[in-house]
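Per the UniProt record's numbering: the sequence shown = residues 1 to 201.
Structure, as structure tokens:
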Amino acid sequence: MARAVSAVAGKVGDPAYAAALLAALGPGAFTRVLGILTGAPDAPSDTADAHGSTADAGNAAAGATAAGAGEAALLTKAFASAERTGRLGDEWRAMLESAPPQTLTALVTLTPQSGTVLNHVAVTLLNHPTPPPRLHALITAYTTNPLAFQQFLAEHPHETAKLLATADPALKPALDEALKPGVGADGLRERAWSNVQGLGG
């Protein structure tokens, strides 16, 4: 499978090709292969097993070889290409709620994903039955996508409280960018600021 992924290296940026590749794999195989390539322990046999993982999501690619990480990045790039152009169905959104934490973290850190995907993954990670002890990689992804983080802060106060409670050092720069005057819509930024202030952030 890894060799097959490598063979499509020059094509995953094409949304139509990426969507066809993902359709051929399906969410279950995509999750398994991405988990294997990133060294995720207990990669599920199908997406229904996903909540069994207790992996540290902050170390998503720690167990992967350099080659494995590169192949994993091709898969996450294909996902980004297809998702941004509206070519993924509901089964892929369901995957964002059921895949193991380490695999989801790899998805949003190996390749920049849309704000919709990033926020969906954040909510899943923060509400997981066994939340990952470290969320540094997720917060770092938000640092490069302040509009997504602003929306997350405004629309998910419960999960925001959990994220702020980590006191991760990457939170300050991420918050500074998301709440900076002029960033995003005024109303959304004000709601985000209000939620953070209400939590003592």
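The beta-carbon is built from N, C-alpha and C at its ideal position, and this holds for glycine as well.
In terms of alpha-carbon separation, which member of A78, G68, E190 lies closest to P27? Position 27 of the sequence shown, counted from the start, is the residue given in the question as residue 27. P27 has its Cα closest to that of A78, out of A78, G68, E190.
With DSSP collapsed to three states, give me the class of R84. Position 84 of the sequence shown, counting from 1, holds the residue named residue 84. Of the three classes helix, strand and coil, the one that applies to R84 here is helix, per DSSP.
Just confirm the distance between the C-beta atoms of A178 and L153, as a whole number of angstroms; I'd bet it's less than 8 Å. For the purposes of this step, residue 178 is taken as the residue at position 178 of the sequence shown. For the purposes of this step, residue 153 is taken as the residue at position 153 of the sequence shown. Sure, about 6 Å apart at Cβ, within 8 Å.
Beta-carbon proximity of L88 to A9, cut-off 8 Å: Here residue 88 is taken as the residue at index 88 of the sequence shown, counted from 1. Here residue 9 is taken as the residue at index 9 of the sequence shown, counted from 1. No.
Within 10 angstroms of its Cβ, does A24 collect 16 or more other Cβ (buried), or is it exposed? Start at 1 with the first residue of the sequence shown, and residue 24 comes out as number 24. Exposed: under 16 other Cβ atoms inside 10 Å.
Identify whether T116 lies in helix, strand or coil by the three-state DSSP scheme. Counted from its first residue, the sequence shown places residue 116 at position 116. If DSSP states are grouped into helix, strand and coil, T116 belongs with the helices.
Counting only the same chain and skipping the five closest in sequence on each side, list residues whose C-beta sits under 7 Å from that of K11. As a first step, residue 11 is located in the sequence shown; it is residue number 11 there, counting from the start. So the qualifying residues of the chain are Y17.
Would a C-beta distance cut-off of 8 Å place Q113 and T38 closer than the cut-off? Counting from one through the sequence shown, the residue named residue 113 turns up at place 113. Counting from one through the sequence shown, the residue named residue 38 turns up at place 38. Contact: no.
Looking at C-alpha atoms only, which residue of L21, F149, D90, Q151 is the closest neighbour of T76? Taking the first residue of the sequence shown as position 1, residue 76 is located at position 76. Of L21, F149, D90, Q151, the residue nearest in Cα terms is L21.
Return the residue from the list A192, T116, P169 that minimises the CA-CA distance to K180. Taking the first residue of the sequence shown as 1, we reach residue 180 at position 180. The shortest Cα separation from K180 among A192, T116, P169 belongs to A192.
Closest Cα partner of A29 within the set A161, G115, A99, T116: Here residue 29 corresponds to residue number 29 of the sequence shown, with the count starting at 1. A29 has its Cα closest to that of A99, out of A161, G115, A99, T116.
How about A72 and L110: do their beta carbons lie closer than 8 Å? Against the sequence shown, residue 72 aligns to sequence position 72. Against the sequence shown, residue 110 aligns to sequence position 110. Contact: yes.
For G68, which residues of its own chain have a beta-carbon under 6 Å away from its beta-carbon, when the five flanking residues on both sides are left out? The residue given as residue 68 occupies position 68 in the sequence shown. Cβ within range, chain order: L37.
Does the Cβ-Cβ distance between Q151 and G115 come in under 8 Å? Taking the sequence shown and counting its residues from 1, the one referred to as residue 151 is at position 151. Taking the sequence shown and counting its residues from 1, the one referred to as residue 115 is at position 115. The answer is yes: Cβ separation under 8 Å.
Beta carbon of T143 nearer than 8 Å to that of A170: Start at 1 with the first residue of the sequence shown, and residue 143 comes out as number 143. Start at 1 with the first residue of the sequence shown, and residue 170 comes out as number 170. Yes; because the gap between Cβ atoms is below 8 Å, this pair is in contact.
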